[in-house]
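Numbering (the working numbering), first residue to last: 8 to 145.
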């Protein structure tokens, strides 16, 4: 849902049995979304972790087994797009680590496919919702 520049998405990475939440907006809007999935004490810990975030941050919430990417603003410039990529890289590393796959030359392709998958899911979802502007060459 997009309301006043806020957007939330849950990506299911079924091959690794993992969910990833991506949220653009205020901590208050994130709190409202998290109320659907978590107890208040867990929400309080998540919000505390994100309190000083200026560009973006990601974390793994162990008790619910979900990665959360938080950015106060929807990406609109090279810096924020780079931040999204940076945070999705952290999530990729965390998912692969949980799956017992260490980064190496032989696993590099699995890492990059997963990063590409997450990036496509975020972009497809938010372009579809018209959060981002895209030049389709038309």
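All residues carry an ideal CB built from backbone N, CA and C; glycine is no exception.
Please read all numbers here as calculations on a predicted model, not as lab measurements.
Contact belief for residue i with residue j at Cβ below 8 Å, rounded distance in angstroms
i          : j           : result
residue 34 : residue 57  : 6 Å
residue 99 : residue 118 : 6 Å
residue 18 : residue 128 : 5 Å
Whether residue i touches residue j by CB criterion (8 Å)
i          : j           : result
residue 31 : residue 81  : yes
residue 27 : residue 125 : yes
residue 53 : residue 41  : yes
residue 44 : residue 60  : no
residue 38 : residue 50  : yes
residue 20 : residue 102 : yes
residue 16 : residue 132 : yes
Of the residues the options, the one placed nearest residue i, counting alpha carbons only
i          : options        : result
residue 70 : 88, 47, 84     : 47
residue 14 : 73, 79, 72, 68 : 79
Buried or exposed by the 16-neighbour rule on C-beta atoms within 10 Å, applied to residue i
i          : result
residue 36 : buried
residue 22 : exposed
residue 55 : exposed
Residue i Cβ short of 7 Å to the ligand FAD heavy atom set
i          : result
residue 80 : With respect to the ligand FAD, the structure shown offers nothing to examine, as it has no ligands at all.
(message) Closer than 8 Å is the cut-off here; do at least three beta carbon pairs connect the region 61–72 with the region 94–112?
(response) yes
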